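Residues 312 to 533 (the working numbering) make up the sequence shown, in order. The C-beta atom is built at its ideal place from N, Cα and C for all residues, glycine as well. Predicted model, so just to flag it, every value in this text is computed and none were measured. Below: one structure, written as C-alpha coordinates.
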Amino acid sequence: MLGALSITGNDVTAVFDNLKQGLEKPLSGMGTAFSSSLLGLSGSLVIGFLDLQSGQAQNDFYKGLEDWLASQARLSGSGGADAEQPLPAYMQALLEQAADSVSELARIVARSQESQATLTAALRTFADRVTVLTDQMRVQHGLLERLASHQMALQPAMEHLARIQEREEINQMHLRNLDNAVGRLAEDSVTGRERLIKEIRSEIRFLARTIAVLAEDAERQA
(Lines of atoms letter the chains of each structure in order from A and count residues from 1; the text may use other names and numbers.)
(Lines give C-alpha, C1' and ligand atoms only; values in the text may rest on other atoms or scores of the structure.)
Protein backbone atom coordinates (compact mmCIF):
# COMPACT_ATOMS: atom_id res chain seq x y z
CA MET A 1 0.00 0.00 0.00
CA LEU A 2 2.83 2.39 0.86
CA GLY A 3 4.82 1.48 -2.25
CA ALA A 4 1.88 2.50 -4.46
CA LEU A 5 1.87 6.07 -3.12
CA SER A 6 3.17 8.72 -5.52
CA ILE A 7 3.04 12.50 -5.49
CA THR A 8 2.62 14.45 -8.71
CA GLY A 9 2.14 18.18 -8.50
CA ASN A 10 -0.44 19.22 -5.90
CA ASP A 11 -1.78 15.67 -5.41
CA VAL A 12 -1.03 15.45 -1.65
CA THR A 13 -4.72 15.50 -0.63
CA ALA A 14 -5.55 12.68 -3.02
CA VAL A 15 -2.61 10.66 -1.69
CA PHE A 16 -3.87 10.93 1.90
CA ASP A 17 -7.41 10.08 0.80
CA ASN A 18 -6.08 6.92 -0.85
CA LEU A 19 -4.10 6.17 2.33
CA LYS A 20 -7.20 6.49 4.52
CA GLN A 21 -9.23 4.29 2.16
CA GLY A 22 -6.44 1.70 2.24
CA LEU A 23 -6.37 1.65 6.05
CA GLU A 24 -10.16 1.31 6.39
CA LYS A 25 -10.23 -2.26 4.99
CA PRO A 26 -7.54 -3.72 7.32
CA LEU A 27 -9.12 -2.03 10.35
CA SER A 28 -12.60 -3.32 9.48
CA GLY A 29 -11.18 -6.82 8.92
CA MET A 30 -9.44 -6.69 12.29
CA GLY A 31 -12.70 -5.65 13.96
CA THR A 32 -14.55 -8.60 12.40
CA ALA A 33 -11.81 -11.05 13.40
CA PHE A 34 -11.68 -9.62 16.93
CA SER A 35 -15.46 -9.94 17.35
CA SER A 36 -15.39 -13.53 16.04
CA SER A 37 -12.58 -14.40 18.46
CA LEU A 38 -14.56 -12.94 21.35
CA LEU A 39 -17.59 -14.95 20.24
CA GLY A 40 -15.50 -18.13 20.17
CA LEU A 41 -14.08 -17.37 23.60
CA SER A 42 -17.56 -16.81 25.05
CA GLY A 43 -18.74 -20.06 23.43
CA SER A 44 -15.85 -21.98 24.96
CA LEU A 45 -16.67 -20.52 28.38
CA VAL A 46 -20.33 -21.56 28.04
CA ILE A 47 -19.35 -25.08 26.95
CA GLY A 48 -16.92 -25.36 29.84
CA PHE A 49 -19.60 -24.25 32.29
CA LEU A 50 -22.09 -26.78 30.89
CA ASP A 51 -19.44 -29.51 31.05
CA LEU A 52 -18.77 -28.67 34.69
CA GLN A 53 -22.48 -28.76 35.52
CA SER A 54 -22.99 -32.11 33.74
CA GLY A 55 -20.01 -33.59 35.60
CA GLN A 56 -21.39 -32.45 38.92
CA ALA A 57 -24.83 -33.87 38.04
CA GLN A 58 -23.33 -37.24 37.13
CA ASN A 59 -21.33 -37.33 40.34
CA ASP A 60 -24.44 -36.50 42.37
CA PHE A 61 -26.43 -39.21 40.59
CA TYR A 62 -23.69 -41.78 41.10
CA LYS A 63 -23.37 -40.85 44.78
CA GLY A 64 -27.14 -41.03 45.26
CA LEU A 65 -27.24 -44.45 43.63
CA GLU A 66 -24.48 -45.70 45.91
CA ASP A 67 -26.37 -44.36 48.95
CA TRP A 68 -29.54 -46.09 47.82
CA LEU A 69 -27.74 -49.40 47.29
CA ALA A 70 -26.08 -49.06 50.68
CA SER A 71 -29.46 -48.45 52.32
CA GLN A 72 -30.89 -51.51 50.56
CA ALA A 73 -27.97 -53.57 51.80
CA ARG A 74 -28.57 -52.37 55.36
CA LEU A 75 -32.24 -53.24 55.08
CA SER A 76 -31.46 -56.74 53.84
CA GLY A 77 -28.85 -57.21 56.58
CA SER A 78 -31.21 -56.13 59.35
CA GLY A 79 -33.14 -59.42 58.99
CA GLY A 80 -30.24 -61.53 60.31
CA ALA A 81 -32.44 -62.98 63.02
CA ASP A 82 -34.61 -64.52 60.34
CA ALA A 83 -31.65 -65.80 58.33
CA GLU A 84 -33.24 -69.23 58.16
CA GLN A 85 -35.91 -67.72 55.88
CA PRO A 86 -34.50 -67.46 52.34
CA LEU A 87 -35.14 -64.43 50.15
CA PRO A 88 -37.73 -64.77 47.45
CA ALA A 89 -36.44 -65.62 43.99
CA TYR A 90 -37.65 -62.37 42.45
CA MET A 91 -35.74 -60.37 45.12
CA GLN A 92 -32.52 -62.23 44.34
CA ALA A 93 -33.05 -61.63 40.61
CA LEU A 94 -33.65 -57.92 41.22
CA LEU A 95 -30.51 -57.64 43.34
CA GLU A 96 -28.41 -59.41 40.71
CA GLN A 97 -29.85 -57.18 37.97
CA ALA A 98 -29.18 -54.12 40.11
CA ALA A 99 -25.56 -55.24 40.64
CA ASP A 100 -25.10 -55.71 36.88
CA SER A 101 -26.69 -52.32 36.24
CA VAL A 102 -24.38 -50.70 38.78
CA SER A 103 -21.34 -52.28 37.13
CA GLU A 104 -22.47 -51.11 33.68
CA LEU A 105 -23.21 -47.67 35.08
CA ALA A 106 -19.74 -47.53 36.61
CA ARG A 107 -18.19 -48.35 33.22
CA ILE A 108 -20.36 -45.71 31.51
CA VAL A 109 -19.40 -43.11 34.12
CA ALA A 110 -15.71 -43.99 33.66
CA ARG A 111 -15.98 -43.57 29.89
CA SER A 112 -17.91 -40.35 30.37
CA GLN A 113 -15.22 -39.01 32.67
CA GLU A 114 -12.56 -39.87 30.08
CA SER A 115 -14.59 -38.08 27.40
CA GLN A 116 -15.01 -35.11 29.71
CA ALA A 117 -11.26 -35.00 30.30
CA THR A 118 -10.63 -35.06 26.53
CA LEU A 119 -13.25 -32.37 25.97
CA THR A 120 -11.80 -30.24 28.77
CA ALA A 121 -8.31 -30.52 27.27
CA ALA A 122 -9.65 -29.57 23.83
CA LEU A 123 -11.50 -26.60 25.31
CA ARG A 124 -8.37 -25.47 27.12
CA THR A 125 -6.35 -25.73 23.89
CA PHE A 126 -9.03 -23.77 22.04
CA ALA A 127 -9.10 -21.10 24.74
CA ASP A 128 -5.30 -20.82 24.61
CA ARG A 129 -5.39 -20.40 20.84
CA VAL A 130 -8.11 -17.77 21.10
CA THR A 131 -6.00 -15.93 23.68
CA VAL A 132 -2.96 -16.02 21.39
CA LEU A 133 -5.09 -14.80 18.47
CA THR A 134 -6.47 -11.96 20.58
CA ASP A 135 -2.96 -10.93 21.62
CA GLN A 136 -1.79 -10.99 18.00
CA MET A 137 -4.74 -8.89 16.89
CA ARG A 138 -4.07 -6.43 19.70
CA VAL A 139 -0.45 -6.14 18.55
CA GLN A 140 -1.53 -5.68 14.92
CA HIS A 141 -4.02 -3.01 15.96
CA GLY A 142 -1.25 -1.17 17.79
CA LEU A 143 0.99 -1.43 14.72
CA LEU A 144 -1.72 0.00 12.48
CA GLU A 145 -2.31 2.85 14.91
CA ARG A 146 1.42 3.65 14.93
CA LEU A 147 1.47 3.43 11.14
CA ALA A 148 -1.40 5.91 10.91
CA SER A 149 0.36 8.28 13.33
CA HIS A 150 3.58 8.01 11.30
CA GLN A 151 1.66 8.80 8.13
CA MET A 152 0.17 11.89 9.76
CA ALA A 153 3.65 12.91 10.90
CA LEU A 154 4.91 12.46 7.33
CA GLN A 155 2.31 14.86 5.91
CA PRO A 156 4.48 18.03 6.29
CA ALA A 157 7.45 16.23 4.73
CA MET A 158 5.31 15.06 1.80
CA GLU A 159 3.97 18.59 1.28
CA HIS A 160 7.55 19.92 1.35
CA LEU A 161 8.51 17.24 -1.18
CA ALA A 162 5.65 18.35 -3.42
CA ARG A 163 6.87 21.96 -3.27
CA ILE A 164 10.42 20.85 -4.08
CA GLN A 165 9.08 18.89 -7.05
CA GLU A 166 7.23 21.97 -8.29
CA ARG A 167 10.42 24.04 -8.01
CA GLU A 168 12.33 21.34 -9.87
CA GLU A 169 9.82 21.47 -12.70
CA ILE A 170 10.23 25.26 -12.88
CA ASN A 171 14.01 24.92 -12.84
CA GLN A 172 13.86 22.32 -15.60
CA MET A 173 11.77 24.70 -17.70
CA HIS A 174 14.33 27.47 -17.18
CA LEU A 175 17.15 25.10 -18.07
CA ARG A 176 15.37 24.13 -21.29
CA ASN A 177 14.93 27.79 -22.17
CA LEU A 178 18.60 28.45 -21.41
CA ASP A 179 19.64 25.48 -23.53
CA ASN A 180 17.57 26.77 -26.43
CA ALA A 181 19.08 30.23 -26.04
CA VAL A 182 22.62 28.83 -25.99
CA GLY A 183 21.84 26.77 -29.07
CA ARG A 184 20.57 29.83 -30.92
CA LEU A 185 23.63 31.79 -29.80
CA ALA A 186 25.91 29.04 -31.05
CA GLU A 187 24.10 28.98 -34.38
CA ASP A 188 24.39 32.77 -34.64
CA SER A 189 28.09 32.66 -33.78
CA VAL A 190 28.75 30.00 -36.43
CA THR A 191 26.84 32.01 -39.02
CA GLY A 192 28.72 35.22 -38.10
CA ARG A 193 32.07 33.45 -38.20
CA GLU A 194 31.38 32.09 -41.68
CA ARG A 195 30.31 35.54 -42.85
CA LEU A 196 33.52 37.08 -41.43
CA ILE A 197 35.67 34.45 -43.13
CA LYS A 198 33.98 35.15 -46.45
CA GLU A 199 34.56 38.90 -46.04
CA ILE A 200 38.24 38.34 -45.15
CA ARG A 201 38.67 36.09 -48.18
CA SER A 202 37.10 38.70 -50.46
CA GLU A 203 39.36 41.40 -48.99
CA ILE A 204 42.42 39.19 -49.50
CA ARG A 205 41.43 38.57 -53.13
CA PHE A 206 40.92 42.30 -53.64
CA LEU A 207 44.34 43.05 -52.12
CA ALA A 208 45.94 40.36 -54.26
CA ARG A 209 44.45 41.86 -57.42
CA THR A 210 45.54 45.33 -56.36
CA ILE A 211 49.10 44.16 -55.69
CA ALA A 212 49.16 42.38 -59.04
CA VAL A 213 48.02 45.52 -60.85
CA LEU A 214 50.61 47.64 -59.05
CA ALA A 215 53.31 45.12 -59.93
CA GLU A 216 52.34 45.22 -63.61
CA ASP A 217 52.41 49.05 -63.61
CA ALA A 218 55.85 49.02 -62.01
CA GLU A 219 57.16 46.63 -64.66
CA ARG A 220 55.79 48.81 -67.45
CA GLN A 221 57.34 51.93 -66.02
CA ALA A 222 60.66 50.14 -65.71
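Asked	Found
Given a threshold of 16 other Cβ atoms within 10 Å of its Cβ, counted over all protein chains shown, does VAL441 qualify as buried or as exposed?	buried
With C-beta atoms as the reference, is ASP362 less than 8 Å away from LEU458?	no
Looking at VAL420 and GLN369, is the spacing between their C-beta atoms short of 8 Å?	yes
Suppose the cutoff is 7 Å on Cβ atoms and the five residues either side in sequence are ignored; what does the same chain contact list for ILE515 look like?	none
Taking only the alpha-carbon atoms, compute the straight-line gap between GLY366 and LEU465 and give it to the nearest angstrom.	60 Å
Are the CB atoms of ILE358 and LEU472 nearer to each other than 8 Å?	no
Using the C-alpha atoms, what's the distance from LEU518 back to GLU527?	14 Å
Skipping 5 residues on each side, what residues in its chain have a beta carbon closer than 7 Å to that of LEU456?	In the sequence as displayed, the identity of residue 456 is Glu instead of Leu. Closer than 7 Å at the Cβ level, and outside the excluded window around GLU456, lies no residue.
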